[in-house]
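Below is one structure, written out as structure tokens; the observations come after it.
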Amino acid sequence: MIGFILSRVARAIITLLVTVTLVFVFIRFSGDPAAALAPPDAPQEVIEQYRRALGLDQPFWVQYTGYLGRLIQGDFGYSIHSGRPSLQIFLDRLPATLRLGGTALLISLVCGITLGAVAALNRGRPIDRGVMAFSVFAFAMPNFLFGLVVILVGSLAFQVYLGGQGASSTALGLIAPALTLGLASMGSYARFTRSSLLETINKPFMLAAEARGIPYKRRLIRHALPNAAIPLVTLVGLSLGSLIAGSVVTEQVFAWPGVGQLLVRSVATRDIATVQFLVLAIAATMITANLIVDLLYLVIDPRIRAK
Amino acid sequence: MTPTDLSPVLAVRDLTIALPPGADRAHAVTGIDLTIEPGQTLCLVGESGSGKSVVAQAIMGMLPPALPMTSGEIALQGTPNPPQRASAYHRLRGPKVAMVFQDAISSLDPIQRVGRQLEEILEVHGVPKSERRARVMDMLAAVLLPDPDRAYRSYPHEMSGGQAQRIVIAGALLLNPALLIADEPTTALDVTTQAEILELIEKLKVEFDTSVLFITHDFGVVADIADHVVVMKDGIAVESGTAPSVLQDPQHDYTKRLLAAAALAPARDQAADGAAIFQVRDLSLTYRRGLFFNRTEVPAVREVTLDLHKGQTLAVVGESGSGKSSLAKCLLRLQDTDGGQMIFKGRDITALQGAALRDFRSKVQVVLQDPFGALDPRFKTIDAIAEGPIIHGVPKAEARERALRMLELVGLTPQAADRYPQEFSGGQRQRICIARALVLEPEVLIADEAVSALDVSIQVQVLDLFTDLQDRLGFSMVFITHDLHVAAAISDNVLVMQHGRVVEQGPTAQIFANPRDPYTRALLQSAPGQKRGLVA
Numbered sequence: 001m002i003g004f005i006l007s008r009v010a011r012a013i014i015t016l017l018v019t020v021t022l023v024f025v026f027i028r029f030s031g032d033p034a035a036a037l038a039p040p041d042a043p044q045e046v047i048e049q050y051r052r053a054l055g056l057d058q059p060f061w062v063q064y065t066g067y068l069g070r071l072i073q074g075d076f077g078y079s080i081h082s083g084r085p086s087l088q089i090f091l092d093r094l095p096a097t098l099r100l101g102g103t104a105l106l107i108s109l110v111c112g113i114t115l116g117a118v119a120a121l122n123r124g125r126p127i128d129r130g131v132m133a134f135s136v137f138a139f140a141m142p143n144f145l146f147g148l149v150v151i152l153v154g155s156l157a158f159q160v161y162l163g164g165q166g167a168s169s170t171a172l173g174l175i176a177p178a179l180t181l182g183l184a185s186m187g188s189y190a191r192f193t194r195s196s197l198l199e200t201i202n203k204p205f206m207l208a209a210e211a212r213g214i215p216y217k218r219r220l221i222r223h224a225l226p227n228a229a230i231p232l233v234t235l236v237g238l239s240l241g242s243l244i245a246g247s248v249v250t251e252q253v254f255a256w257p258g259v260g261q262l263l264v265r266s267v268a269t270r271d272i273a274t275v276q277f278l279v280l281a282i283a284a285t286m287i288t289a290n291l292i293v294d295l296l297y298l299v300i301d302p303r304i305r306a307k
Numbered sequence: 308m309t310p311t312d313l314s315p316v317l318a319v320r321d322l323t324i325a326l327p328p329g330a331d332r333a334h335a336v337t338g339i340d341l342t343i344e345p346g347q348t349l350c351l352v353g354e355s356g357s358g359k360s361v362v363a364q365a366i367m368g369m370l371p372p373a374l375p376m377t378s379g380e381i382a383l384q385g386t387p388n389p390p391q392r393a394s395a396y397h398r399l400r401g402p403k404v405a406m407v408f409q410d411a412i413s414s415l416d417p418i419q420r421v422g423r424q425l426e427e428i429l430e431v432h433g434v435p436k437s438e439r440r441a442r443v444m445d446m447l448a449a450v451l452l453p454d455p456d457r458a459y460r461s462y463p464h465e466m467s468g469g470q471a472q473r474i475v476i477a478g479a480l481l482l483n484p485a486l487l488i489a490d491e492p493t494t495a496l497d498v499t500t501q502a503e504i505l506e507l508i509e510k511l512k513v514e515f516d517t518s519v520l521f522i523t524h525d526f527g528v529v530a531d532i533a534d535h536v537v538v539m540k541d542g543i544a545v546e547s548g549t550a551p552s553v554l555q556d557p558q559h560d561y562t563k564r565l566l567a568a569a570a571l572a573p574a575r576d577q578a579a580d581g582a583a584i585f586q587v588r589d590l591s592l593t594y595r596r597g598l599f600f601n602r603t604e605v606p607a608v609r610e611v612t613l614d615l616h617k618g619q620t621l622a623v624v625g626e627s628g629s630g631k632s633s634l635a636k637c638l639l640r641l642q643d644t645d646g647g648q649m650i651f652k653g654r655d656i657t658a659l660q661g662a663a664l665r666d667f668r669s670k671v672q673v674v675l676q677d678p679f680g681a682l683d684p685r686f687k688t689i690d691a692i693a694e695g696p697i698i699h700g701v702p703k704a705e706a707r708e709r710a711l712r713m714l715e716l717v718g719l720t721p722q723a724a725d726r727y728p729q730e731f732s733g734g735q736r737q738r739i740c741i742a743r744a745l746v747l748e749p750e751v752l753i754a755d756e757a758v759s760a761l762d763v764s765i766q767v768q769v770l771d772l773f774t775d776l777q778d779r780l781g782f783s784m785v786f787i788t789h790d791l792h793v794a795a796a797i798s799d800n801v802l803v804m805q806h807g808r809v810v811e812q813g814p815t816a817q818i819f820a821n822p823r824d825p826y827t828r829a830l831l832q833s834a835p836g837q838k839r840g841l842v843a
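For the protein sequence lines, the chains are B and U, in the order given. Numbered per this note's numbering, the first sequence spans residues 1 to 307. Numbered per this note's numbering, the second sequence spans residues 308 to 843.
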């Protein structure tokens, strides 16, 4: 078990290091930051000045080790435009994104698992087919389109404006973008829960539980659902990636003042330090989430603990 | 006077259960009568598809809606059972009737501790919380688990099959049921463990004053534990009676065949020495796994030495984990070895490579245990059989010609050639696998548990086929099996393995009659059917 934890943590650290390196290399080679920073008509010596000021005249590996060193010290660079630390800008935006992402995750999990379980228990009946049709729709619907439809229906039919600055403080203003963001995951959770639960229900231990006199509801809640949920944990970890990717689009559509919107704006304004930090932060989130999923297995599945 | 005191524990009258339309027969079971008096054991004997498990399901009230009970009645201790699947069964399952299944480990929830699962049985039947733990611990001690505390805290995957079966039996008897139904509870276990579990059930039957309905295909088990016997075939009870009468004077042909299959008498007594075609010297194999943190080494085969003689059959016998299948992989050169030497017809084949290895492989063929997994579902029979010769350079037309001849030789009609594996029964598929192995005209055939997945009466037919083909074609055979009956029926020589080592080898008749190694003796003594002298 200690070996398992160590190997997972080591793997996470290595992945993070590789990500840092890739981000660094890509940004260095995707154009000269000094030229991008300087005004378009700046003379060559001004660009050279920028280059020296940013340390870009140093050999590549010196820049790289310097960058790593600064990262370790918690220095994540400064926004070129405002001069504020990238970390600070990120932290300002983080609560809004967490609120949106967390709500989206909650909605997609609760609705997805419920729908999947209902479908599994009514296998082959119209309600099962309805849920499966819905899950394909949810999965296939692009969120920028669904978001626009939500805003349109809200404003035309109910006279509620769901996007924009003030909207994020109302309950409906939170649920509308969260639903948009979580829709795709909800569809895949529903599908996955259905197939996992069907498989579990037909396992011999469920039959044996019935033979021991354990009533139906209890068999389902105490035995079938926890076993069926184990593979779902992996799916949730993996789908966090699409949740983050989706938040970039959804925040833009709903004018949600979060990290996704910040990322779009920073790319548009070539705020390289901020972009670099945001990419790292997102990668770190993904890696941490998957590490948590791996370690969560230790808690929920005794068979992994034994290894 | 309640009916409980005078009535039989179980009375099944004229039980008929329908099969869904389109099945191969109209009824799963027809007109079954069973009676079990207090303290008695009834063995329900039959092969797969005989309907014996459906009878058990009906008694438990667990028949699926697709299998409706069309007539008959079932009564426990004189009280008629409620309709199938009624919620009233929750109160019967446990206190009145309990059931254990073939695979004990998978009949426990894999993510809950065993103790918790046993306490749950008490909880749902209204036993106060304060009493539960003590009752579970008493029960764990009663099923003779060496360390009840540890068992209580264990998860199912941490146990051996035998330990898990003890746990499941403990769970079944927790509420002291009048009837225990055991559906092939020892079939998945090694012989020595099987003997222990049978003994345990006998002991508990007396201790808890419980009657037993024991479902099995093995007349050896019947001979050891039954008071009454009912033999089922295709949903009908073909014979029933007291155990001594059925065992000594079977009436129905089918009963006679099942009885013959349970006999443990070596069929071949000669062991004339042919030339050694395959010689193995000090063969060793160690499995290595993992890197740095969790590197483990598992020795699977340790210094095995054997000689396979031309035209003869060597049975390799051992329990699970004894290394017999690893040995087969080495002999087939599917697994590189760590030490020792293998000589095939005077040539060292231990490290053959390339064309020479391919040539060797055409001379040594294999038949595996699972006839369902061993055939590609998208290959027609003829293509599956002809594939080997084509790969080894036989022209396509001739390969198909040979395949057809082989098909006939294994007892299948030419019409089978254009059909897919799904269209055959297990026994027929194994015939196809045998044809596929023999079409290359190998000099050695390695059969790894090749009849273990088959019903006993089919086993007999397939073993006869092996013997018959060997007589005609003259190949040598290594027959790997956990089943002493199979080894007795087919081999000239036998080799007994334990923990990767050979503990004893020699002529089959001699070893069965006069085993010298204590482990061989234990194996032979564990074979069921010795209490009533079914096995000499």
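C-beta: ideal position from N, C-alpha, C; glycine also. Bear in mind the structure is a predicted one, so any value in this text is a computation, not a measurement.
* Under 8 Å from the C-beta of B:Pro215: neighbouring residues of chain U -> If you number the first sequence from 1, residue 215 of chain B lands on position 215. Residues of chain U passing the Cβ test: Ser394, His397, Val431.
* Asked: Alpha carbon to alpha carbon, what distance is there between U:Ala569 and U:Pro288?
  -> No information on residue 288 of chain U is available, as it lies outside the stretch 308 to 843 that chain U covers here.
* To do: Taking U:Asp406 as part of the beta strand (DSSP E), name the residues at either end of that continuous run.
  => Here residue 406 of chain U refers to the residue found at position 99 of the second sequence. In the sequence as displayed, the identity of residue 406 of chain U is Met instead of Asp. Unbroken beta strand (DSSP E) run through U:Met406: 404-407.
* Asked: In chain order, what residues of the same chain have a beta carbon less than 8 Å from the beta carbon of B:Tyr78, not counting five sequence neighbours either side?
  -> Locating residue 78 of chain B in the first sequence gives position 78, where the first residue counts as 1. Taken in chain order, the residues that qualify are Arg84, Pro85, Ser86, Ala273.
* Asked: For the stretch 455-475 of chain U, which residues have a beta carbon sitting closer than 7 Å to at least one beta carbon of chain B?
  -> Tyr462, His464, Glu465
* To do: Could you spell out where the alpha helix (DSSP H) holding B:Ser196 opens and where it closes?
  => Along the first sequence, read from residue 1 onward, the residue named residue 196 of chain B stands at position 196. Residues 171-201.
* Asked: Within this structure, are the beta carbons of U:Leu664 and U:Leu802 separated by less than 8 Å?
  -> Here the question's residue 664 of chain U lines up with position 357 in the second sequence. Here the question's residue 802 of chain U lines up with position 495 in the second sequence. No, they are not a contact pair.
* From B:Asp57 to B:Arg51, what does the alpha carbon distance come to, in whole angstroms? -> Walking along the first sequence from the start, residue 57 of chain B turns up at place 57. Walking along the first sequence from the start, residue 51 of chain B turns up at place 51. Taking the straight line joining both Cα atoms gives about 6 Å.
* For the alpha helix (DSSP H) that contains B:Ala53, what are its first and last residues? -> Translated into the one-based positions of the first sequence, residue 53 of chain B becomes position 53. Here the alpha helix (DSSP H) through B:Ala53 covers 44-54.
* Go ahead and label B:Ala245 buried or exposed: buried means 16 or more other beta carbons lie within 10 angstroms of its beta carbon, across all protein chains shown. => Counting from 1 along the first sequence, the entry for residue 245 of chain B is found at position 245. Answer is exposed; the Cβ neighbour count stays below 16.
* Taking the C-alpha atoms as reference points, what is the distance between U:Ala411 and B:Leu197? -> Taking the second sequence and counting its residues from 1, one reaches residue 411 of chain U at position 104. Taking the first sequence and counting its residues from 1, one reaches residue 197 of chain B at position 197. So the two alpha carbons sit approximately 21 Å from each other.
* Asked: What is the rounded straight-line gap between the Cα of U:Leu399 and the Cα of B:Pro126?
  -> By 1-based counting over the second sequence, the position of residue 399 of chain U is 92. By 1-based counting over the first sequence, the position of residue 126 of chain B is 126. Rounded to the nearest angstrom, the two C-alpha atoms are 34 Å apart.
* **Where the alpha helix (DSSP H) containing B:Phe24 begins and where it ends** => Looking up residue 24 of chain B in the first sequence gives position 24. Per DSSP, B:Phe24 belongs to the alpha helix (DSSP H) from 2-29.
* For U:Val811, which residues does DSSP report across the bridge? -> Taking the second sequence and counting its residues from 1, the one referred to as residue 811 of chain U is at position 504. Before going on, a small fix: residue 811 of chain U reads as Glu here, not Val. Note: U:Glu811 sits in a beta bridge opposite U:Val803.
* To do: Mind listing the chain A neighbours of U:Ile508? Cutoff is C-beta to C-beta under 8 Å, in chain order.
  => No chain A is part of this structure, whose protein chains are labelled B and U.
* Below 8 Å CB to CB, which residues in the same chain sit around B:Met141 once its five sequence neighbours on both sides are set aside? => Here residue 141 of chain B corresponds to residue number 141 of the first sequence, with the count starting at 1. So the list reads Leu183, Ala184, once near-sequence residues are dropped.
* Asked: From this set, U:Thr348, U:Thr500, U:Leu374, U:Ser518, which residue's C-alpha is nearest U:Ala404's C-alpha?
  -> Stepping through the second sequence from its first residue, residue 404 of chain U is reached at position 97. A small correction: the amino acid at residue 404 of chain U is Val; Ala does not occupy that position in the sequence shown. U:Val404 has its Cα closest to that of U:Ser518, out of U:Thr348, U:Thr500, U:Leu374, U:Ser518.
* Which whole-angstrom value describes the C-beta separation of U:Val528 and U:Thr562, a residue pair presumed to lie in contact below a C-beta threshold of 8 Å? -> Along the second sequence, read from residue 1 onward, the residue named residue 528 of chain U stands at position 221. Along the second sequence, read from residue 1 onward, the residue named residue 562 of chain U stands at position 255. Incorrect: roughly 15 Å between the Cβ atoms, too far for contact.
* By Cβ distance below 7 Å, which residues in the same chain neighbour U:Thr311 in space, the five residues on each side in sequence not counted? -> Counted from its first residue, the second sequence places residue 311 of chain U at position 4. Reliability of the predicted coordinates at U:Thr311 is poor, the pLDDT of 49 falling under 50, and the value obtained from them is presented with this limitation in mind. Closer than 7 Å at Cβ, skipping near neighbours: Gln384, Gly385.
* **Beta carbon of U:Ala479 nearer than 8 Å to that of U:Leu487** => Sequence index remark: in the second sequence, residue 479 of chain U carries index 172 (1-based). Sequence index remark: in the second sequence, residue 487 of chain U carries index 180 (1-based). Yes, these two residues count as a Cβ contact at 8 Å.
* Residues of the stretch 119-144 of chain B with Cβ closer than 9 Å to any Cβ of chain U, in chain order -> none
* From U:Arg668 to U:Leu776, what does the alpha carbon distance come to, in whole angstroms? -> Here residue 668 of chain U refers to the residue found at position 361 when the second sequence is read from its first residue. Here residue 776 of chain U refers to the residue found at position 469 when the second sequence is read from its first residue. So the two alpha carbons sit approximately 20 Å from each other.
* Give the interface partners of U:Arg400 over in chain B, defined as CB-CB distance under 7 Å, in chain order. => Mapped onto the second sequence, residue 400 of chain U falls at position 93. Those within 7 Å of U:Arg400 in chain B are Ala211, Arg212, Gly213.
* Nearest-angstrom Cα distance between U:Gly625 and U:Met649? -> Counted from its first residue, the second sequence places residue 625 of chain U at position 318. Counted from its first residue, the second sequence places residue 649 of chain U at position 342. The straight-line gap from Cα to Cα measures roughly 21 Å.
* Asked: Closest to B:Ile289 by CA distance: which of B:Ala224, B:Val236, B:Met1 is it?
  -> In the first sequence, residue 289 of chain B corresponds to position 289, counting from 1. The sequence as given places Ala at residue 289 of chain B; Ile does not occur at that position. Comparing Cα positions, the closest option is B:Val236.
* Mind checking whether U:Lys540 and U:Ser798 have CB atoms under 8 Å apart? -> Taking the first residue of the second sequence as 1, we reach residue 540 of chain U at position 233. Taking the first residue of the second sequence as 1, we reach residue 798 of chain U at position 491. Going by C-beta atoms, U:Lys540 is not nearer than 8 Å to U:Ser798.
* Asked: Along the chain, where does the alpha helix (DSSP H) that runs through U:Ala502 open and close?
  -> Numbered from its first residue, the second sequence carries residue 502 of chain U at position 195. That run of the alpha helix (DSSP H) goes 498-514.
* Asked: Where does U:Thr644 fall in DSSP's three states?
  -> As a position in the second sequence, residue 644 of chain U is number 337, starting the count at 1. Note: U:Thr644 maps to coil in three-state DSSP.
* Are there 16 or more other CB atoms within 10 angstroms of the CB of U:Thr309, so buried, or fewer, so exposed? -> Here the question's residue 309 of chain U lines up with position 2 in the second sequence. Unreliable placement is indicated for U:Thr309, whose pLDDT of 47 sits below 50; no coordinate value is reported for it.
* Rounded to whole angstroms, what's the CA-CA distance from U:Ala843 to U:Phe819? Just pull it up for me. => Indexing the second sequence from 1 puts residue 843 of chain U at position 536. Indexing the second sequence from 1 puts residue 819 of chain U at position 512. With a pLDDT of 39 at U:Ala843, under the threshold of 50, the modelled position of this residue cannot be trusted; read the value that follows with caution. Taking the straight line from one Cα to the other gives about 10 Å.
* Asked: Roughly how many angstroms lie between the CA atoms of U:Ile741 and U:Val758, to the nearest whole one?
  -> What you label residue 741 of chain U is simply residue 434 of the second sequence in a count that begins at 1. What you label residue 758 of chain U is simply residue 451 of the second sequence in a count that begins at 1. About 11 Å.
* Can you give me the start and stop residues for the beta strand (DSSP E) that U:Ser783 sits inside? => For this step, residue 783 of chain U is matched to residue 476 along the second sequence. Unbroken beta strand (DSSP E) run through U:Ser783: 783-788.
* Note down the Cα distance separating U:Leu641 from U:Leu659, rounded to an integer number of angstroms. => Taking the first residue of the second sequence as 1, we reach residue 641 of chain U at position 334. Taking the first residue of the second sequence as 1, we reach residue 659 of chain U at position 352. Taking the straight line from one Cα to the other gives about 11 Å.
* **chain B residues whose Cβ lies nearer than 8 Å to that of U:Leu415** => Mapped onto the second sequence, residue 415 of chain U falls at position 108. By Cβ distance, chain B contributes Phe205, Ala208.
* Using CA coordinates, which residue listed in U:Leu322, U:Val443, U:Glu506 is at the minimum distance from U:Gly422? -> On the second sequence, position 115 is the one that residue 422 of chain U refers to. Closest option to U:Gly422, Cα to Cα, is U:Val443.
* To do: Counting only runs of 4+ residues fully inside the stretch 213-280 of chain B, write out the alpha helix (DSSP H) ranges in chain order.
  => 225-253, 259-268
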